[in-house]
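Residue numbers (my numbering): 6 to 271. Think of the CB as a built atom: it goes at the ideal place given N, C-alpha and C, for glycine as much as any other residue.
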Ligand SMILES: NC(=O)c1ccc[n+]([C@@H]2O[C@H](COP(=O)([O-])OP(=O)(O)OC[C@H]3O[C@@H](n4cnc5c(N)ncnc54)[C@H](OP(=O)(O)O)[C@@H]3O)[C@@H](O)[C@H]2O)c1
């Protein structure tokens, strides 16, 4: 009803600290992102099955959940509750609130006709259903906050360029890209609408690359390409990639392109 004040219409004043939620921060790019953010004084919540004990040295600024994103509705419900309580925990709404949808699960690289395609469901849930539901929880919970509100989805060049043997992964990343475009449209005309970017992070020396290099070339023709990337020294470290992603997150034009590449010039 018009003119009715709710608690969320009148949020607590904004606190200086920024808060970032990072999925898949137990290793690889997500771990490097969480560490770099904590080093900058941010408060960070991480979601993965096996939390890293390395973040405990940051005390209460680092919170980690051991959570399986295959059950995306449960993860989103828990995040909604956490966000609802955050202004009370901090004594104010944060100055910046960011969700980085980083976690992904690569099915065994092989064509869809291969028996291993039966495990596609988990990859779809972790890579696409979870980011969509977590983003919805984020957008709902923070819609009346005065904070800077940003969504960063870690996509891939394979969301834009198809590769046989990685059909599910390609579909997940293309889905993230188009989700980002649609959310950006939804938020564009709001007074403090969230900005959304789905970003290709480059090629990074992580477990995921190891999995691609270690795939059976008999069923995954691109295996040699991934081996050549490693042998040619063309992989970024997770730390270098994280710094590029965080630099992109801070760009004043963040969100002007809802689908981007970390290598795009500023
Ligand atoms: N590496 C590359 O060259 C490259 C290139 C393009 C795009 N990307 C994208 O960059 C992002 C990071 O990739 P990465 O290479 O760092 O991957 P990674 O080393 O394989 O790490 C994946 C992360 O996702 C988490 N995760 C996987 N399944 C999960 C589940 N069921 N529930 C909760 N968390 C789960 C893992 O944590 P737990 O195992 O503890 O659950 C881990 O922290 C991904 O979105 C990937 O698609 C990577």
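Exercise for the section: Could you name the residues that DSSP lists as bridge partners for residue 266? Expected result: Stepping through the chain shown from its first residue, residue 266 is reached at position 261. Bridge partners of residue 266: 205.
Exercise for the section: Using only the heavy atoms of ligand 3, determine whether one of them is closer than 7 Å to the beta carbon of residue 208. Expected result: Absence of ligand 3 from the depicted structure is noted, with ligand 1 being the only ligands included.
Handout entry: C-beta contact flag for residue 36 and residue 172 at 8 Å
Key = Sequence index remark: in the chain shown, residue 36 carries index 31 (1-based). Sequence index remark: in the chain shown, residue 172 carries index 167 (1-based). The answer is no: Cβ separation not under 8 Å.
Exercise for the section: For residue 94, count neighbouring C-beta atoms within 10 Å of its own C-beta (all shown protein chains included) and say buried if the count is 16 or more, exposed if not. Expected result: Taking the chain shown and counting its residues from 1, one reaches residue 94 at position 89. It is exposed - the Cβ of residue 94 has fewer than 16 other Cβ atoms within 10 Å.
Exercise for the section: Provide the residue(s) that pair with residue 72 in DSSP beta bridges, ordered along the chain. Expected result: Taking the first residue of the chain shown as position 1, residue 72 is located at position 67. For residue 72, DSSP records no beta bridge to any residue.
Exercise for the section: Check whether the Cβ atoms of residue 52 and residue 157 sit closer than 8 Å, and answer yes or no. Expected result: Along the chain shown, one-based indexing puts residue 52 at 47. Along the chain shown, one-based indexing puts residue 157 at 152. Cβ distance not < 8 Å, so residue 52 and residue 157 don't count as in contact.
Handout entry: Alpha-carbon to alpha-carbon, residue 103 and residue 23
Key = Taking the chain shown and counting its residues from 1, one reaches residue 23 at position 18. Taking the chain shown and counting its residues from 1, one reaches residue 103 at position 98. Roughly 8 Å between the two C-alpha positions.
Practice task
Decide yes or no for the touch test of the segment 245-263 against the segment 201-210: beta carbon pairs closer than 8 Å, at least 3 of them.
Solution key: Flag = yes, the segment 245-263 and the segment 201-210 touch.
Practice task
In angstroms with no decimal places, state the Cα-to-Cα distance between residue 15 and residue 106.
Solution key: Position 10 of the chain shown holds residue 15. Position 101 of the chain shown holds residue 106. Confidence is the limiting factor: at residue 15 the pLDDT is only 39, short of 50, which leaves the residue's position unreliable, though a coordinate-based value still follows. Each residue's alpha carbon lies about 28 Å from the other.
Practice task
Identify the continuous alpha helix (DSSP H) that holds residue 147 and give its terminal residues.
Solution key: Counted from its first residue, the chain shown places residue 147 at position 142. Counting along the chain, the alpha helix (DSSP H) containing residue 147 begins and ends at 135-147.
Exercise for the section: Use the C-beta contact count for residue 92: other C-beta atoms within 10 angstroms, 16 or more gives buried, fewer gives exposed. Expected result: By one-based count along the chain shown, residue 92 stands at place 87. Residue 92 counts as buried, since no fewer than 16 other beta carbons sit within 10 angstroms of its beta carbon.
Handout entry: Burial state of residue 117 (16 or more Cβ within 10 Å)
Key = Counting from 1 along the chain shown, the entry for residue 117 is found at position 112. Exposed, because fewer than 16 other Cβ atoms sit within 10 Å of the Cβ of residue 117.
Exercise for the section: Give a yes or no on whether the C-beta atoms belonging to residue 220 and residue 228 are separated by under 8 Å. Expected result: The residue labelled residue 220 in the question sits at position 215 within the chain shown. The residue labelled residue 228 in the question sits at position 223 within the chain shown. Closer than 8 Å, so yes.
Problem - Among 112, 82, 101, 96, the one whose alpha carbon lies nearest that of residue 42 - result: Your numbering for residue 42 matches position 37 in the chain shown. With distances taken between Cα atoms, residue 42 lies closest to 101.
Problem - beta-carbon residue 28 near ligand 1 non-hydrogen atom, thresh 7 Å - result: For the purposes of this step, residue 28 is taken as the residue at position 23 of the chain shown. Checking the Cβ of residue 28 against ligand 1 gives yes.
Problem - Identified DSSP bridge partners for residue 53 - result: The residue you call residue 53 lines up with position 48 of the chain shown. Beta bridge pairing from DSSP links residue 53 with 71.
Practice task
Report all residues from its chain with a CB closer than 7 Å to the CB of residue 121; omit the five preceding and five following residues, and keep chain order.
Solution key: Taking the first residue of the chain shown as 1, we reach residue 121 at position 116. Taken in chain order, the residues that qualify are 112, 113, 115.
Problem - Contact check, residue 264 vs residue 186, beta carbons under 8 Å - result: Taking the first residue of the chain shown as 1, we reach residue 264 at position 259. Taking the first residue of the chain shown as 1, we reach residue 186 at position 181. Yes; because the gap between Cβ atoms is below 8 Å, this pair is in contact.
Handout entry: DSSP three-state assignment for residue 217, whether helix, strand or coil
Key = Residue 217 sits at position 212 when you count from the first residue of the chain shown. The DSSP-derived three-state label of residue 217 is helix.
Exercise for the section: Report yes if the C-beta of residue 213 is less than 7 Å from at least one heavy atom of ligand 1; otherwise report no. Expected result: To locate residue 213, count along the chain shown from 1; it is residue 208. For ligand 1, at least one heavy atom lies less than 7 Å from the Cβ of residue 213.
Practice task
Give the secondary structure of residue 194 by DSSP, where H, G and I count as helix, E and B as strand, and everything else as coil.
Solution key: The residue labelled residue 194 in the question sits at position 189 within the chain shown. In this structure, residue 194 counts as coil in the three-state DSSP scheme.
Exercise for the section: Using DSSP bridges, identify the partner residues of residue 28. Expected result: Against the chain shown, residue 28 aligns to sequence position 23. When DSSP reads this structure, residue 28 sits in a beta bridge with 52.
Handout entry: Heavy atom of ligand 1 within 7 Å of residue 201 beta-carbon
Key = The residue you call residue 201 lines up with position 196 of the chain shown. No, since every heavy atom of ligand 1 falls outside the 7 Å radius drawn around the Cβ of residue 201.
Problem - For residue 240, the three-state DSSP class (helix, strand or coil) - result: Taking the first residue of the chain shown as 1, we reach residue 240 at position 235. Residue state, collapsed to three classes: coil.
Exercise for the section: Check whether the Cβ of residue 266 sits closer than 7 Å to any heavy atom of ligand 1, and report yes or no. Expected result: The residue labelled residue 266 in the question sits at position 261 within the chain shown. With a cut-off of 7 Å, the C-beta of residue 266 is classified as distant from ligand 1, since no heavy atom of the ligand falls inside that distance.
Problem - For residue 195 and residue 147, the rounded distance between their alpha carbons - result: The residue you call residue 147 lines up with position 142 of the chain shown. The residue you call residue 195 lines up with position 190 of the chain shown. Taking the CA atoms as reference points, residue 147 sits about 13 Å from residue 195.
Problem - N- and C-terminal bounds of the beta strand (DSSP E) containing residue 156 - result: On the chain shown, residue 156 is found 151 positions in, with the first residue counted as 1. It spans 153-159 - the beta strand (DSSP E) in which residue 156 sits, taken as one unbroken run.
Problem - Contacts around residue 269, its chain only, beta-carbon distance under 6 Å, and the 5 residues preceding and following it disregarded - result: Reading the chain shown from its first residue, position 264 is the one you call residue 269. In its chain, beyond the 5 residues on either side, no residue has a beta carbon closer than 6 Å to the beta carbon of residue 269.
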